[in-house]
Each structure stands twice: as C-alpha cells, then as structure tokens.
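Number of protein chains: 2
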Amino acid sequence: VSSEEPAIPDATEHTVGALTVTAPLTAAPTDAVHAVIDAVRSASQGRLVTYVYVVEDRRLVGVVTMRDLLLADASAALTAIMLPDPFFLTPETTVEDAMRAMVHRHYPVYPVCDAAGCLLGVVPGHALFEEHAYELSAQPGRMVGVDEDEQVSTPWPQSLKLRHPWLQVNLVTAFAAAAVVGLFEGTLERIVILAAFLPVLAGQAGNTGCQAMVVTLRGLALDELPRSAVARVLRKEATLGLFNGLLTGLSAAAGMWIYATVTGTPGAAMLAAVVVLAMVGSCLLSGVVGVAVPLVLKRLGADPATASSIFLTTATDVVSLGLFLGLAALLVA
Amino acid sequence: VSSEEPAIPDATEHTVGALTVTAPLTAAPTDAVHAVIDAVRSASQGRLVTYVYVVEDRRLVGVVTMRDLLLADASAALTAIMLPDPFFLTPETTVEDAMRAMVHRHYPVYPVCDAAGCLLGVVPGHALFEEHAYELSAQPGRMVGVDEDEQVSTPWPQSLKLRHPWLQVNLVTAFAAAAVVGLFEGTLERIVILAAFLPVLAGQAGNTGCQAMVVTLRGLALDELPRSAVARVLRKEATLGLFNGLLTGLSAAAGMWIYATVTGTPGAAMLAAVVVLAMVGSCLLSGVVGVAVPLVLKRLGADPATASSIFLTTATDVVSLGLFLGLAALLVA
Chain W
5 VSSEEPAIPD
15 ATEHTVGALT
25 VTAPLTAAPT
35 DAVHAVIDAV
45 RSASQGRLVT
55 YVYVVEDRRL
65 VGVVTMRDLL
75 LADASAALTA
85 IMLPDPFFLT
95 PETTVEDAMR
105 AMVHRHYPVY
115 PVCDAAGCLL
125 GVVPGHALFE
135 EHAYELSAQP
145 GRMVGVDEDE
155 QVSTPWPQSL
165 KLRHPWLQVN
175 LVTAFAAAAV
185 VGLFEGTLER
195 IVILAAFLPV
205 LAGQAGNTGC
215 QAMVVTLRGL
225 ALDELPRSAV
235 ARVLRKEATL
245 GLFNGLLTGL
255 SAAAGMWIYA
265 TVTGTPGAAM
275 LAAVVVLAMV
285 GSCLLSGVVG
295 VAVPLVLKRL
305 GADPATASSI
315 FLTTATDVVS
325 LGLFLGLAAL
335 LVA
Chain C
5 VSSEEPAIPD
15 ATEHTVGALT
25 VTAPLTAAPT
35 DAVHAVIDAV
45 RSASQGRLVT
55 YVYVVEDRRL
65 VGVVTMRDLL
75 LADASAALTA
85 IMLPDPFFLT
95 PETTVEDAMR
105 AMVHRHYPVY
115 PVCDAAGCLL
125 GVVPGHALFE
135 EHAYELSAQP
145 GRMVGVDEDE
155 QVSTPWPQSL
165 KLRHPWLQVN
175 LVTAFAAAAV
185 VGLFEGTLER
195 IVILAAFLPV
205 LAGQAGNTGC
215 QAMVVTLRGL
225 ALDELPRSAV
235 ARVLRKEATL
245 GLFNGLLTGL
255 SAAAGMWIYA
265 TVTGTPGAAM
275 LAAVVVLAMV
285 GSCLLSGVVG
295 VAVPLVLKRL
305 GADPATASSI
315 FLTTATDVVS
325 LGLFLGLAAL
335 LVA
C-alpha cells in the first residue's frame, strides 16, 4: 500500500503527469483471486481501491475491477478474469488531449504508463475533469490578456504585473487605428459628423468578429473543428458577416440619415449609403478574421485564445474605420 | 434490471434531473450479501453496476460498494455493511450547484432522490462534469450574445437568427457613444486630432473593463466570490484601473504629444495631459463597471455572462469618450 503522493514529482504543469499519484494496489497475473481479495482488504485500510492493476516485469498487462473479483471463482488466477491490454494515459499527455481520449470511457481512475508500457501510477478521472474545467474557465481571460492563474483573490500589485503588459500591447495596436483615422483628417474636418460614427462602426465590426471568434475557440476547445471544416466555417462566418453587416448597416444608416438631416449636414443620403457599405465590408471581414485569429495562433504553436481579442480588435478597428472614412472621402463631396 | 433510459423525462435543461437515468440495481436492507452478489451478477449482464442502492419503502436508506460486498461475510445483511443515509442529489438542482456539492466527493455515480428521500434514479458523475464543461465553454460566447447551443457546425441562417438580435442591441448602445461624441462636435471641429484618439481611449477602457469582468465571471463560475468579498474586489479593480490607466495614459500621452507636434496642432502639452486624465478616469471606472455588470446581472436573476460585453462596452465607451472630449473642451483653448 502506497500513500497518495505525486508519482512523478517534476511533471510539466497541465499534463497528466502532474496529476498522477502512486497506484494503491498491483498484483501479478498468476495471483489467485482469493489472495488478491485479501490484498484489497488490507490496502483498503489506507487508500480507496478502485481497480487492481496487473503488472508483469513492471509492464501493465491487465486491470481487474472489484465486480470482477466479486463474481469470480476464488481459486482462479487473475489472467482468467482481467481485462487484458487496458487503456492507459502517458504522463506527457496534456490534460486537454487526455479529455479527448477519455470522452467515451469515464473510468473513475486511469492507469498512467511510460512509452514502454511500464506502470508509473494512476490519475483519478475527477482530477482531469477539474483541471479541464479550470482551464476552460480561464479562456475568456486569456482572450484579453488575463493569466490563467489569476483569481479574484490575487493581490492587485500581482494582477497589475500580470495584466498590464497586454494593455500596453493593446495600446500600440490602438495607435494603428488612430493612424488610420489620422490619414483622413481632411475628410473629418469637412464632415465632423463622421467622428460620431467611428465608435459605432468599430463596435459593430468588433462584436461581429468576436462572435465568430468565440464560436471558433469553443469548437477548438471541444475538439469539434477538424482541419477539413475550416473552409466551410470561413464561408459560414463570411456569409453571416455579410447579412449581419447589411441588417445592422441599414439600422445605422437610418441613424446617420436622421442625424445628418437634423444637423443640416449636406449629403445625408450618400452618408447613409457609406455607412451601409462600410458596415457590410467590415462585418464580412471581421467574421473571417474572427475565425482566422485562433487558427493562426494555434498553427504558430500558441494557445488559440491568448490575446486573441487584442489581435481581433486591431484588425476590425483598422478595417472598419479605414473603410468608413475611405468611402466617405471618395463618395461624399 | 432496468435499461439506461431517462428516469425523469420532463426535467428542465441544465438540471440534475435531465441527466438522471434509472438505477441498475436496488436491494432491501434485510437482503443477505450472497443474494445481493447473485443480483449483481445478473444485473451486470445488461448494465454497469457500480453501487447497490438500499431502499426501504421507496426511500434510499443506504449504499453498498462492490468492495463492501467483496470484503463482507456472505451471510450478513446489507444493513450491517451499507453506508447509511448516503449523500444524494435532487432533480431540481442545477448542474452548476451539483458541481459544488460534488467537489470533494467524486463518486462515479450519484443517487437522485426527491425531497422525501425516495430514490428516483442515478446520475453518472461524468455526465455532470461534461455538462459543466459544456456550459463553461459557452461563457465567452454568452458574453457577446452567442447562444449556448451554437456550434461551429450550426447552419448560417440559424446562427444569424441566434446572433443578430444582440448585434442590433449593441448598435443601439453604440448610438449612445455616438451621441456623446456628437455633443462635442464643436470641439472636434476645432481640434480634429481628437478624433484619431477616440478609438484609443475607447479601446483601452474597454479592455481594462473586460479584464476585470472576466476575472469576476470566473470567480462566479468557480464559486470563489462570496458576497463578503465584493467590496474588496471592487477596491482591487478600481486600484488596478487607476494604475493601468496612469501607465497606459502616459504612453498614449506621449503618442498624442508627438502627433500634435508633428501636425503642428497648438496645445500639444495640454492635449497630452487631457489624454492622461481621461485614461486614468475611464480605466478606473471601467474596472468598477467590469465587476458590477456580472454581479448586477446575477442579482437580477440573469446569467451573469449574458451580453455582459455589450453592457460593459456601452458604459466604457460613454465614459471614456465623454471624459476625453469633455476634458478637451474644458482645458484646451
């Protein structure tokens, strides 16, 4: 009987190895059922025995459940009742990959073996599920540069250190949007009313892109987005961007037309048309970028959610503001 | 032996009841161990038997594990070896609340009883964990108006129907920001350079608020934010907003000073000061609003994540743009 200590002390965080504990009970394939029942009896004093792992030359060759022992002939050998060549996890497997392997198994405990099949220990299924839930709950934070380990109870100086760098990165990217607006200073000087619609365009494009992005991120997290589906998802989000842009563009154009008419700005109809065109174009592109950002981050070996919101917003700001002011400069006299 | 059919067909979604199946095996407290072992043997043909539930007058009075049966005297009655008054879930319990009750238990299967303690069925622990993981993975989507049931494979017309309403709501709120900018048309006409900094201010305030909001939402999801901690968390995020606003404000002010100097706009130093002041004020308020939005939504009985991003952005846009243009109107001649 071993105590519930980490079996692999130096394992990498967020891997199966970090959650592996020593196995409470192992037996040899030739052991008789009655002898194993005695072993379960004494092992049960200290630990919860769920399975008996059958080991030969340190290699895991089978697994026996309490139900198997209960229903077996007392003099039989374990070889006769064990499930041979059982499923096992390796310590290097990430928790996310382990969850995929576990999805149709749901054992309370999984054996952990090295590449040669030697038993290293066991990992409780609930520990994997908890770690997975913890990682899933961190995803919205990772999108805006909040570290996975930050909690509501983290002291503010540490939170500042963890979060501030991404805000400075965000600032640099916001300057890109500012530079785009700066390019059209002349247009803005002539038609000041355009300034009021900058947050409307940027906000709508950002939100449309963010909707596409969270659906993509969730597809990746739940392993529902194979590479073969990428083209289809890109087409879907482009179509959605087109229709969402058209419908919200018409609403926003109505707002622009009323605003321009009330303030006596000339070219109200053309300004409304610019709003529709800019909204359609920028929402269509935002949908595509929303799918692309997590996929590109993943392809680069990064976490697909990390700072994804910052990259997305930069793209949607630059495109939506550039398109809106560019079209206004072209079309409104 | 019953088949693995839903035990409570009309149960509400996202509750324990919806995941409850019939119990594979029940026994009476007076049943002898050897008779129960025979019952396990035949029940095991059709279903996976993990526990024997001991029932008296339909009420759940005990639970017996396979290990208990294995180690017991064959002639003993179940009363002698059962765990009496076992923990059970009720069908009305939400999956989220069930997860809290389960956190230190981790049984493979939980009994489900009505308020009177009558056994209705069992719910596998993995089913609760999966449902919880599914709900957690939907949170970023809910923040921007994406329905929990939308997947990457959802056809686009259905996605349009699900997502579009929130985009129209977002548009209405974006008009609030536009109206604020519109109030300062005269100021913008005099100092066109301010228009370029609108997306910078709005973007920074939005991101600072979003960081505070995701940490708050995660605290709620993982049940780490008791009511007594709210005042402390508000102070923390206000402090963070202050320092993040000051530091990014100084960076942005440097950008403004350079831009104003290069373009020959008068009052470069005062414009830079306006940027710092507006950034500090709006980031501080954004931090507080980021904590408040999910807490208010929860208090109102809504899901704390639903459309939270839209409410947050409206507040941060109005505050940051109003403060920036208001200070500019006041301080820059």
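Line by line, the protein sequences are chains W and C. Numbering-wise, my numbering comes out as the position in the first sequence, counting from 1, plus 4. Numbering-wise, my numbering comes out as the position in the second sequence, counting from 1, plus 4. Built from N, CA and C at the ideal position, the CB exists for glycine as well. These figures come from a predicted structure and were not determined experimentally.
In chain order, what residues of the same chain lie with their CB nearer than 7 angstroms to the CB of residue i, ignoring the 5 residues before and after it?
{"i": "C:Leu140", "result": "Ala225"}
{"i": "W:Ala342", "result": "Any question about residue 342 of chain W goes unanswered here, given that chain W covers just 5 to 337."}
{"i": "C:Ile3", "result": "Since the first residue of chain C shown is 5 and the last is 337, residue 3 of chain C is not available in this structure."}
{"i": "C:Val53", "result": "Pro28, Leu29, Val44 and Ala47"}
{"i": "W:Leu331", "result": "Val278, Leu281 and Ala282"}
{"i": "W:Val336", "result": "Ile195, Gly271, Met274, Leu275 and Val278"}
{"i": "W:Asn248", "result": "Thr212 and Cys287"}
{"i": "W:Ala333", "result": "Phe188 and Thr191"}
{"i": "W:Val266", "result": "none"}
Using a Cβ-Cβ cut-off of 8 angstroms (strictly less than) and excluding sequence neighbours within five positions of residue i, which residues of its own chain qualify?
{"i": "C:Thr19", "result": "Pro95, Glu96, Thr97, Thr98 and Val99"}
{"i": "C:Val5", "result": "Model confidence at C:Val5 stands at a pLDDT of 31, short of 50, so the residue's coordinates are unreliable and nothing is read from them."}
{"i": "C:Ala81", "result": "Pro33, Thr34, Asp35, Ala36 and Val37"}
{"i": "W:Ala276", "result": "Ala257, Ala258, Met260, Trp261 and Ala264"}
{"i": "C:Ser7", "result": "Per-residue confidence for C:Ser7 stands at a pLDDT of 47, beneath the threshold of 50, marking its modelled position as unreliable; the derived number appears in the next sentence. Correct list, in chain order: Thr26, Gly50 and Arg51."}
Considering only their Cβ atoms, is the gap separating residue j from residue i smaller than 8 angstroms?
{"i": "C:Val37", "j": "C:Ser79", "result": "yes"}
{"i": "W:Asp321", "j": "C:Pro203", "result": "yes"}
{"i": "C:Pro128", "j": "W:His110", "result": "yes"}
{"i": "W:Val68", "j": "W:Ile85", "result": "yes"}
{"i": "C:Val218", "j": "W:Val218", "result": "no"}
{"i": "C:Leu64", "j": "C:Ala181", "result": "no"}
{"i": "W:Gly210", "j": "W:Gly291", "result": "no"}
{"i": "C:Thr252", "j": "W:Gln162", "result": "no"}
{"i": "C:Tyr138", "j": "C:Ile197", "result": "no"}
{"i": "W:Val113", "j": "W:Tyr55", "result": "yes"}
{"i": "W:Leu244", "j": "C:Leu244", "result": "no"}
{"i": "C:Ala200", "j": "W:Gly186", "result": "yes"}
{"i": "W:Arg71", "j": "C:Met70", "result": "yes"}
What did DSSP end up calling residue i once you bin it into helix, strand or coil?
{"i": "C:Thr243", "result": "helix"}
{"i": "W:Pro10", "result": "strand"}
{"i": "C:Val5", "result": "In this prediction, C:Val5 has a pLDDT of 31, which is less than 50 and means its spatial position is unreliable; what the coordinates show is noted afterwards. Note: C:Val5 maps to coil in three-state DSSP."}
{"i": "C:Ala276", "result": "helix"}
{"i": "C:Leu171", "result": "helix"}
{"i": "W:Thr212", "result": "helix"}
{"i": "C:Arg63", "result": "strand"}
{"i": "W:Val284", "result": "helix"}
{"i": "W:Tyr138", "result": "helix"}
{"i": "W:Leu124", "result": "strand"}
{"i": "C:Tyr57", "result": "strand"}
{"i": "C:Pro28", "result": "coil"}
{"i": "W:Ala306", "result": "coil"}
{"i": "C:Thr317", "result": "helix"}
{"i": "C:Thr19", "result": "strand"}
{"i": "W:Leu238", "result": "helix"}
{"i": "C:Ala39", "result": "helix"}
{"i": "W:Tyr111", "result": "coil"}
{"i": "C:Val148", "result": "coil"}
{"i": "C:Leu52", "result": "coil"}
{"i": "W:Leu87", "result": "strand"}
{"i": "W:Thr97", "result": "coil"}
Could you name the residues of the same chain whose beta carbon sits closer than 6 angstroms to that of residue i, not counting the 5 residues immediately before and after it, in chain order?
{"i": "W:Thr220", "result": "Val295 and Pro298"}
{"i": "C:Phe328", "result": "Leu205 and Ala282"}
{"i": "W:Leu166", "result": "Asp151 and Glu154"}
{"i": "W:His136", "result": "Val99 and Met103"}
{"i": "W:Arg62", "result": "Cys122"}
Report the CB separation of residue i from residue j in whole angstroms; it is logged as a contact under 8 angstroms.
{"i": "C:Leu246", "j": "C:Leu289", "result": "10 angstroms between Cβ atoms; not a contact."}
{"i": "C:Ile228", "j": "W:Val150", "result": "Here residue 228 of chain C is Glu; the residue named in the question, Ile, does not match the sequence. Wrong, their Cβ atoms sit about 14 angstroms apart, outside the cutoff."}
{"i": "C:Val280", "j": "C:Leu254", "result": "6 angstroms"}
{"i": "W:Leu250", "j": "W:Val293", "result": "Between W:Val293 and W:Leu250 the Cβ distance is about 18 angstroms, and since that is not below 8 angstroms, they are no contact."}
{"i": "C:Thr26", "j": "C:Ala11", "result": "5 angstroms"}
{"i": "W:Val58", "j": "W:Ala31", "result": "6 angstroms"}
Does any heavy atom of the ligand MG sit closer than 7 angstroms to the C-beta of residue i?
{"i": "C:Gly207", "result": "With respect to the ligand MG, the structure shown offers nothing to examine, as it has no ligands at all."}
Below 8 angstroms, can you find three or more Cβ-Cβ pairs linking the region 187-207 of chain W to the region 110-128 of chain C? Three or more Cβ pairs closer than 8 angstroms define a contact, and the region 187-207 of chain W falls short of that threshold against the region 110-128 of chain C.
How about the region 171-188 of chain W and the region 311-319 of chain W: do they share at least three Cβ pairs that are nearer than 8 angstroms? Cβ pair count under 8 angstroms is three or more, so yes.
Touching or not, the region 262-276 of chain C and the region 225-239 of chain C, by the rule of three or more beta carbon pairs under 8 angstroms? Three or more beta-carbon pairs separated by less than 8 angstroms are not found between the region 262-276 of chain C and the region 225-239 of chain C, which leaves the two stretches without contact.
May I ask you to verify whether the region 305-312 of chain W touches the region 139-154 of chain W, counting CB pairs closer than 8 angstroms and requiring at least 3? Three or more Cβ pairs drawn from the region 305-312 of chain W and the region 139-154 of chain W lie within less than 8 angstroms of each other, which places the two stretches in contact.
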